[in-house]
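Q: Each residue of the sequence shown is one higher than the one before, counting from 14 in my numbering.
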Amino acid sequence: GLNNSRRHTQRWLTPIKPHLQHLAAASSAGTSLVANLKHITVALATWDVLCEVYLDPKRARQRLRLYGAQDRALEQFFKQLEEDMTEVSMERHGHAKQLVAQGLRPAAGQGGACG
């Protein structure tokens, strides 16, 4: 699962690691025109190599599986949280406060950073 994905990602990123480091070193974090021009030059020089790896169909499928796993883990977490809150509410008040628990769960299809 996740460990295999991590190993695959490391293997795929190994050949482009120097390009990523070069790009990171030329960060455009500053506001100087020279820094921005350097960043743009390096980004253009490394663009083809990075895109080749990032757009590889195997890598795209792996990212999709990882996002699916993250969504399932979050859904399981919120489901358990809702059950725990319902149990605590029952112990304290003799009835469940459904609105509190349901307010914490994200709406369907809205989970994840890219979803």
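Idealized CB from N, CA, C, for every residue including glycine.
Could you tell me which of 17, 15, 32 and 103 sits nearest to residue 63, measuring between CA atoms?
A: Taking the first residue of the sequence shown as position 1, residue 63 is located at position 50. Among 17, 15, 32 and 103, the Cα nearest to that of residue 63 is on 32.
Q: Of the residues 78, 76 and 55, which one's Cα is nearest the Cα of residue 37?
A: What you label residue 37 is simply residue 24 of the sequence shown in a count that begins at 1. Cα-wise, what sits closest to residue 37 is 55.
Q: Which first and last residues belong to the alpha helix (DSSP H) in which residue 69 is found?
A: The count along the sequence shown starts at 1 and reaches residue 69 at position 56. Residue 69 -> no alpha helix (DSSP H), and no H or E assigned at all.
Q: Alpha carbon to alpha carbon, how far is residue 39 from residue 80? Give it in angstroms, no decimals.
A: Residue 80 sits at position 67 when you count from the first residue of the sequence shown. Residue 39 sits at position 26 when you count from the first residue of the sequence shown. Distance between the alpha carbons of residue 80 and residue 39: 29 Å.
Q: Quick check: the Cα distance between residue 30 and residue 60, rounded to an integer number of angstroms?
A: Stepping through the sequence shown from its first residue, residue 30 is reached at position 17. Stepping through the sequence shown from its first residue, residue 60 is reached at position 47. In a straight line, the C-alpha of residue 30 is about 13 Å away from that of residue 60.
Q: Any chance the region 82 to 97 sits against the region 21 to 30, with 3 or more Cβ pairs inside 8 Å?
A: no
Q: Expressed to the nearest angstrom, what Euclidean distance is found between the alpha-carbon atoms of residue 74 and residue 35?
A: If you number the sequence shown from 1, residue 74 lands on position 61. If you number the sequence shown from 1, residue 35 lands on position 22. Residue 74 and residue 35: Cα-Cα distance of roughly 27 Å.
Q: Candidates 82, 106 and 91: which alpha carbon is nearest residue 16's?
A: As a first step, residue 16 must be located in the sequence shown, where it is residue number 3. With distances taken between Cα atoms, residue 16 lies closest to 82.
Q: How big is the Cα-Cα spacing for residue 47 and residue 57?
A: Reading the sequence shown from its first residue, position 34 is the one you call residue 47. Reading the sequence shown from its first residue, position 44 is the one you call residue 57. The alpha-carbon atoms of residue 47 and residue 57 are separated by roughly 15 Å.
Q: Tell me whether the beta-carbon of residue 76 lies closer than 8 Å to the beta-carbon of residue 25.
A: For this step, residue 76 is matched to residue 63 along the sequence shown. For this step, residue 25 is matched to residue 12 along the sequence shown. No; because the gap between Cβ atoms is not below 8 Å, this pair is not in contact.
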